[in-house]
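Just so we're aligned, residue 1020 is where the sequence shown starts under my numbering, counting upward by one.
Even glycine gets a Cβ: it sits at the ideal position worked out from N, Cα and C.
Source: prediction; values computed, not measured.
One structure below.
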Amino acid sequence: MPMVETRDGTKLYVKDWNPTSTEGTIVLIHGWPLNADSWEYQARPLAEAGYRVVSYDRRGFGRSEQPWHGYDYDTMADDLADIVSALGIRDFTLAGFSMGGGEVARYMSRHAGKGVRKAALISSIAPYMLKTDDHKEGVPEDDLRAIGEELKKDRQTFLKGFFKGFYGVGMMKHPVSDAVIDWSWNMAMMASPQATLACAQAFGFTDLRGDMSAFTVPTLVVHGTGDDTVPIDATGRLAAKMIGGNAELTEYDGAPHGLTATHGEKLATDLLTFMRV
């Protein structure tokens, strides 16, 4: 199994498709509480188009090792830097979905965006999830803390219900099949309980507003207007505004949070178009 060892000795599972490609490289960072397999609907078309596609399981998730510590954005950005260095990746596009957008933001600031030629924030939690006096569009603190309490009480049942909202499934609409929800739940169950809980704390309460000025490269911001998991006003729209002239905001009308699956083909096309420009 392909593994990269990070600076603190944690081994991370890495997929590296088309490593000898001359078309370009994209690094994909998955969301919470999934793993690299969740990029299925984008990774395959990108690889088929001739690009080198690198994706990996965040520490504590999927097939990566499950240390007790290290679930803060500084450490996770360092993990990304270690993967980029180990694989010799240069001049690449860096894309993060949901929680993964935080790793993109912290890598851009903490590691000066080393090697990044373009960035993409997909349904991203950046720049800030928490509702505060100076960020009234955010999610109330009680709602974010409730996630942790539910995870401690019955992680399995909580995540079963979570994925329905994640994909916008309701009484009258089914943007994805039951099989996709089961697939997502199975990925979530591969993660350690500690990583699942600690990362919920990280994405819910880490203020990344100070990192946004580090986006000095062309940046694609994609967000669904129907995202009830990560509200667009607190994140996608604000991220584009803070990045300024380097940002291209693309809103998917009515799309839920999990648009990597509900709008998989469209997102793959938009990423390909963005990389080719």
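query	result
With 16 other Cβ atoms within 10 Å as the buried cut-off, status of Lys-1137	buried
For His-1154 and Ala-1062, the rounded distance between their alpha carbons	34 Å
Sufficient close CB pairs (3 or more, under 8 Å) joining the stretch 1190-1198 to the stretch 1070-1087	no
Coarse secondary structure for Phe-1185, derived from DSSP in three states	helix
Start and end residues, alpha helix (DSSP H) containing Ser-1128	1119-1129
Paired residues, beta bridge with Lys-1155 - DSSP	Partner(s): none; Lys-1155 has no beta bridge.
Exposed unless 16 or more other CB atoms sit within 10 angstroms - verdict on Thr-1041	exposed
Which residues DSSP lists as bridging Glu-1267, in chain order	Leu-1239
Buried versus exposed call for Met-1206 [16 or more other C-beta atoms within 10 Å across all chains shown]	buried
Counted within 10 angstroms of its Cβ, other Cβ atoms place Met-1127 as buried (16 or more) or exposed	buried
Residues bridged to Lys-1030 (per DSSP)	Glu-1024
Span of the beta strand (DSSP E) around Ser-1232	Looking at the DSSP string, Ser-1232 is not in any beta strand (DSSP E), and its letter there is neither H nor E.
CB contact check: Leu-1149 to chain B, cutoff 8 Å	The structure shown contains no chain B, having only a single protein chain.
Helix, strand or coil at Lys-1179 according to DSSP, with G and I counted as helix	helix
Environment of Met-1294 [buried if 16+ CB atoms lie within 10 Å]	buried
Selected residue, minimal CA-CA separation from Thr-1044, among Leu-1106, Asp-1246, Gln-1220 and Arg-1125	Leu-1106
Simplified DSSP assignment, three categories, for Val-1135	strand
Beta-carbon proximity check, Ala-1274 vs Asp-1246, cutoff 8 Å	yes
Residue span of the beta strand (DSSP E) that contains Phe-961, given as start and end	The shown model of the chain, from 1020 to 1296, leaves out residue 961, and the question about it has no answer.
Cα-Cα separation, Gly-1167 to Ala-1253	21 Å
8 Å Cβ cutoff met for Glu-1156 and Pro-1038	no
contact_flag[the stretch 1144-1154, the stretch 1164-1180] where n(CB pairs < 8 Å) is 3 or more	no
Completely contained alpha helix (DSSP H) runs for the stretch 1192-1232, where each covers 4 or more residues	1197-1209 and 1212-1224
Where Asp-1091 falls: helix, strand or coil (DSSP)	coil
Separation of Thr-1238 from Val-1023, as counted between CA atoms	27 Å
Distance, Gly-1119 Cα to Phe-1224 Cα	14 Å
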